[in-house]
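First comes the structure, then the notes that go with it.
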Amino acid sequence: AGKPTLVCPFFGDQHFWGAMVFRAGVGPRPCPVGKLDVDTLSAGFRDLLSPETRRRAEAMAAAMAEEDGVAAAVAHFERGLPLQNMLCDASLVLATGPEFRVARFRLSQVGWRGFAEVRVGSEAVALIRTRQLSRAVSTRGEMLRMALRVLRPHRARSWGVARLTGLLAGLVAAVVGFVVELSSFMLDVFLLPDNCSRRNGVLGCLCSILLLPFLAFLRIVHACVIFLDRIATGSYNAYVGWADPAGGHLGKRDFVLDPYLSVEARRAVRMPELEGVEAEVADYRSRSVSNRRAAAVLDAIELSLEARGIYDRFASAANQLHVVGEASVSALAQAVEAEGRTRAALRLKDAHAARALAASVRACSEGPVPWVSFATFLALLQRARARGGAGPGSLRAA
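If you're matching positions, the sequence shown starts at 1302 in our numbering and goes up one per residue.
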C-alpha cells in the first residue's frame, strides 16, 4: 500500500518484522503493546506523518511491485537443495540420453576392485527386482553380480534443527544432558514407587524399590554415554564443517554413540515416505517394459558403478561425494586421458573422447574452489560419450 507502519509487537515474529520496518526507514521504532503510552503513540504518529518516512514507504512499495517474490522464494529454496546428491546416477549415463531421475535407493557392491555405491531411481530398482526381465537381457556373470548387490533407501541429506555445530556446543550439551539424566533418576526415586503402589498396592511398591538400584545403574551409564556422545557429536560436526564448508555433503550427525537415539532414529525412518517409494517401484514393475529399455537401464547401472570405482580413487578420504582440490581433479583427468583400462571401463570410443572428458574435468578446477562431484563427472562422461560415440560393450543385446 505504500503507507508507513507502526508495529506494536506482542507475539511471535512480530518483534522481528517491527525491527525490519524500522531498519528500512518506513516506520518508527517498534513499541511492545505493554509499553505503549500516550507519549510513545504520539511520537509514533508524528513519525508516520513525516514526509521522509512516507517517501521511503512509497519507494519500497514500488520496488516490491516490480520484484517477482515467488520466483525469488523458489530460487532461494533450490539453492538449499543438495542437488548433487539427489539424482539417479544411472539416469545420467543412459545410452538414449540423460533423463535426470530422482534417486530413491543406494546400490552397493563389493568386488575385486573394491567397494562402490551409486544412487538409483525407482525404475532401476523395479528392473533389478524383476528377475525374469533382468535374466532376459543379462549374462550369467551379470546376474551373479546383481545378486550380490545390496539396496537400501537413499536420503539426500539428513536435516537437523538442533544439531550440535561444534566442540563448545557439544561440551555444553554434554554437561546439560548429564545433569538432566541424573535429575530424572532422582525424580524416579519418588515417582516410581508411588505409581507402582497406586497400581499394584504394597507388592508393586516393594518391587519398584528393589528395581531402583538397577535403574540407578542404567541411568548413570546412560548419563555417561550422553556426556561422551554429545562431545563426540560436536567434534565430528565441527570437523565436517571444516572439511566440507561449501555443501555439508559429509552429513552432520545428531548423535554418534547413544544407542537409545540410534533406536529412536530407526523407528522414525520416514515410514510414510518409504511406503510411497515402494508404491512407486511397484508401479514401475506393473508397467510393460521392452527388453531394449531394460538393457539400457541395467547397462547404465553397470557403467555408473564402473565410473564410481574410478572416481573413488581420487575422491576425498573424508567426503566420497567430491573430488576436492586442484591436485585431485588433475589426477582424475590424467587417469581418464592416459590410462587405457580407465578409458575402456568408461566405454569411451577413442582417445579423442578421453581427451575431451579430461579437458572438461580439468575445467572444474578453474573456479575458486576446485572440485567435481560424482554427478558432475557422470554428466561430463555422458557428454563425451555422446560426442565421440559410445565405446564397445555399451549396450546389451536387446
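Beta carbons: idealized from backbone N, C-alpha and C, even for Gly.
query: Taking the straight line between their C-alpha atoms, what separation do you get for Glu1482 and Arg1554?; result: 21 Å
query: Who does Glu1424 pair with in a DSSP beta bridge?; result: Glu1424 pairs with nothing; no bridge assigned.
query: With a cut-off of 8 Å on the beta carbons, I'd call Phe1323 and Pro1331 a contact; round off their distance for me.; result: 6 Å
query: Note down the Cα distance separating Leu1307 from Phe1346, rounded to an integer number of angstroms.; result: 8 Å
query: Return the chain-ordered list of same chain residues with a C-beta closer than 6 Å to the C-beta of Glu1638, the five sequence neighbours on each side being excluded.; result: Ala1655, Arg1656, Ala1659
query: In whole angstroms, what separates the C-alpha of Phe1486 from that of Val1522?; result: 12 Å
query: Give the range of the beta strand (DSSP E) segment to which Pro1454 is assigned.; result: 1451–1454
query: Could you round the C-beta distance between Pro1310 and Gly1319 to whole angstroms and report it? I think they count as a contact, below 8 Å.; result: 5 Å
query: Using DSSP with H/G/I as helix, E/B as strand and the rest coil, what is Val1473?; result: helix
query: Mind the definition here: the segment 1491–1510 touches the segment 1424–1433 only if three or more C-beta pairs lie below 8 Å; say whether that holds.; result: no
query: Could you name the residues of the same chain whose beta carbon sits closer than 7 Å to that of Leu1449, not counting the 5 residues immediately before and after it, in chain order?; result: Gln1410
query: If you count every other CB in all the chains shown that lies within 10 Å of the CB of Asp1314, and 16 or more means buried, which is it?; result: exposed
query: To the nearest angstrom, report how far apart Met1365 and Leu1384 are at their CA atoms.; result: 30 Å
query: Looking at the structure shown, is Leu1350 part of a helix, part of a strand, or coil, going by DSSP?; result: coil
query: Leaving out the 5 sequence neighbours to the left and right, which residues in its chain are closer than 7 Å to His1455 when beta-carbon positions are compared?; result: Ala1404, Arg1405, Phe1406, Arg1407, Arg1420
query: Please report the Cβ distance between Ala1417 and Asp1651, rounded to the nearest whole angstrom; I am assuming they are in contact, meaning their Cβ atoms lie under 8 Å.; result: About 25 Å; that fails the 8 Å criterion.
query: Taking the alpha-carbon of Ala1601 as reference, which of Arg1355, Thr1341, Leu1511, Leu1679 has the nearest alpha-carbon?; result: Leu1679
query: What first and last residue would you give for the beta strand (DSSP E) that runs through Val1598?; result: Element bounds for Val1598: not the beta strand (DSSP E) but the alpha helix (DSSP H), 1592–1613.
query: Between Val1598 and Ala1391, which are expected to be in contact by the criterion C-beta below 8 Å, what is the C-beta distance as a whole number of angstroms?; result: 6 Å
query: Let me know the secondary structure DSSP gives Ser1409 once reduced to three states.; result: strand
query: Under 7 Å, Cβ to Cβ, is there at least one residue of chain D near Glu1367?; result: Chain labels in this structure do not include chain D; a single protein chain is all it has.
query: Start and end of the alpha helix (DSSP H) containing Val1334?; result: Neither: Val1334 is in no alpha helix (DSSP H) and is coded neither H nor E.
query: By Cβ distance, which residues of its chain are closer than 6 Å to Arg1684, with the 5 residues on each side in sequence left out?; result: none
query: Going by the DSSP bridge assignment, what does Glu1418 pair with across the sheet?; result: Ser1409
query: Let's test the definition: count the other Cβ atoms within 10 Å of the Cβ of Arg1402 and tell me whether it reaches 16, buried, or not, exposed.; result: buried
query: CB Gly1303 to CB Ala1362, shorter than 7 Å?; result: yes
query: Span of the beta strand (DSSP E) holding Ser1674?; result: 1672–1674
query: Tell me whether the segment 1623–1635 and the segment 1662–1680 touch, counting them as touching only if at least three CB pairs, one residue from each stretch, are closer than 8 Å.; result: yes
query: Within this structure, are the beta carbons of Asp1530 and Phe1491 separated by less than 7 Å?; result: no
query: From the DSSP output, which residues share a beta bridge with Leu1384?; result: In DSSP, Leu1384 forms no bridge with anything.
query: Which residues does DSSP pair with His1623 in a beta bridge?; result: Ser1674
query: So the candidates are Ser1509, Gly1668, Leu1395, Ser1587; which of them puts its Cα closest to the Cα of Ala1687?; result: Leu1395
query: Let me confirm a value: Leu1350 is counted as buried when at least 16 other C-beta atoms fall within 10 Å, else exposed. Which label applies?; result: exposed
query: Starting from Asp1390, trace the alpha helix (DSSP H) both ways and give me its first and last residue.; result: 1390–1393
query: With distances taken from CA atoms, which of Glu1603, Glu1667, Ala1645 is nearest Ser1631?; result: Glu1667
query: Enumerate in chain order the residues of its own chain whose CB-to-CB distance from Leu1512 is below 8 Å, with the five nearest sequence positions on each side excluded.; result: Leu1493
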